[in-house]
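Chain order of the listed sequences is A and B. So in our numbering, the last one in the first sequence is 147, and the numbering has no gaps at all. So in our numbering, the last one in the second sequence is 389, and the numbering has no gaps at all. C-beta: ideal position from N, C-alpha, C; glycine also.
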Amino acid sequence: MIDIRVQTEPFDPGAELGAIEGGGAGAVASFTGLVRSDDGVTTLELEHYPGMTEAALRDLAEQAVARWSLSAATIVHRVGPMAPGERIVFVGTAAPHRQAALDACSFLIDRLKTEAPFWKRETRGDEARWVDARTSDDAAAQRWR
Amino acid sequence: MALDLLYFAWVREAVGTGQERVELPEGVTTISALVDWLAARGGGYAEAFAQPDRIRAAIDERFVPLDATIGSAREVALFPPVTGG
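Laid out in structure tokens, this is it:
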């Protein structure tokens with residue numbers, strides 16, 4: 003069971019976790035990304051490529067389900083303006099055993115960062131700038147090859 | 305042949321539009337050549353495509369390298385390296 007959503011609305015990680023239990027799963031793992039509030043950012047805005055984004059996330063989820071025999075994989079990614087402390091992204095995985103669920107969850111968030119067409123723009127007061135890609139993200143994605 | 309071009313993030317802002325339809329001239333057969341052709345328009349295009357190594361591309365919603373052939377693509381997107389998650 004794969005569930006991919008790209009949405010402006012907030013999401014509830016508890017509800018997402020509950021939804022992927024069952025189906026024979028013995029382990030559920032998740033990652034939630036939040037807008038950091040420690041460096042003066044007042045607004046974070048996410049732009050994406052409608053159509054391609056959903057296809058790219060679905061492709062990653064299908065790879066994870068096949069590689070780790072997942073019973074469920076959920077990816078929820080918000081777009082549009084967000085305030086510090088708000089949730090941006092949720093990845094949830096369900097598998098027979100913990101290592102598969104944990105590895106699949108890491109795989110999905112690492113690969114999502116380099117293989118899904120999202121772009122972040124930070125605003126600090128009156129000043130807005132597009133966030134630069136980080137080479138450490140490339141390295142993290144590479145270790146799942 | 306008509307080709308839809310999409311731009312995202314700072315590429316979109318520099319170019320001044322998110323989408324346009326173009327007729328590719330003969331000789332513009334790869335993404336690299338397309339980027340050079342757009343840069344030659346000057347203005348915001350020159351600014352957006354001044355450093356091709358900062359540009360990433362997709363053909364019909366699939367990531368491709370800059371040396372990829374455009375072929376019979378319907379849609380090409382040009383954008384900065386992605387920063388989601």
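Between the alpha carbons of Trp70 of chain A and Phe120 of chain A lies a gap of roughly 26 Å. Excluding residues up to 5 positions away in sequence, Ile90, Val91 lie with their Cβ nearer than 6 Å to the Cβ of Gly35 of chain A in the same chain. Taking a contact as a CB-CB distance under 8 Å, the pair Ala142 of chain A and Asp112 of chain A counts as one, their CB atoms being some 4 Å apart.
Scanning chain B for C-beta atoms nearer than 8 Å to the C-beta of Thr76 of chain A yields nothing, as the closest lies near 15 Å away. Residues of chain A whose Cβ lies closer than 9 Å to the Cβ of Ala381 of chain B are, in chain order, Tyr51, Met54, Pro119.
When only Cα atoms are considered, Asp134 of chain A and Ala74 of chain A end up about 32 Å apart. Per DSSP, reduced to three states, the secondary structure at Met54 of chain A is helical. In the structure shown, Leu72 of chain A adopts coil according to DSSP, grouped into three states. Taking the Cβ atoms as the reference, Val315 of chain B lies roughly 11 Å from Ala343 of chain B, outside the contact range of under 8 Å.
Beta-bridge partners assigned by DSSP to Arg145 of chain A: none are found. Sequence-distant Cβ neighbours of Thr10 of chain A in its own chain, meaning closer than 8 Å and more than five residues away, are Arg80, Val81, Gly82. The distance from the Cβ of Val368 of chain B to that of Leu338 of chain B is about 11 Å, inconsistent with a contact at the 8 Å cut-off.
Residues of chain B with a Cβ closer than 7 Å to the Cβ of Val133 of chain A are, in chain order, Thr387. As summarised for the stretch 319-389 of chain B, the continuous alpha helix (DSSP H) elements at least 4 residues long and confined to that stretch are 335-343, 347-352, given in chain order. When Cβ-Cβ separations below 9 Å define contact, Arg366 of chain B makes contact with chain A. Around the C-beta of Thr137 of chain A, fewer than 16 other C-beta atoms lie within 10 Å, and the residue is accordingly described as exposed. Below the 8 Å Cβ cutoff, chain B contributes Gly388, Gly389 as neighbours of Leu114 of chain A, in chain order.
Ile335 of chain B places its beta carbon less than 9 Å from that of Ala361 of chain B. Around Pro384 of chain B, the beta-carbon contacts reaching into chain A at under 9 Å are Trp121, Trp132, Asp134, Ala135.
Distance from the CA atom of Thr116 of chain A to the CA atom of Pro329 of chain B, rounded to whole angstroms, is 32 Å.
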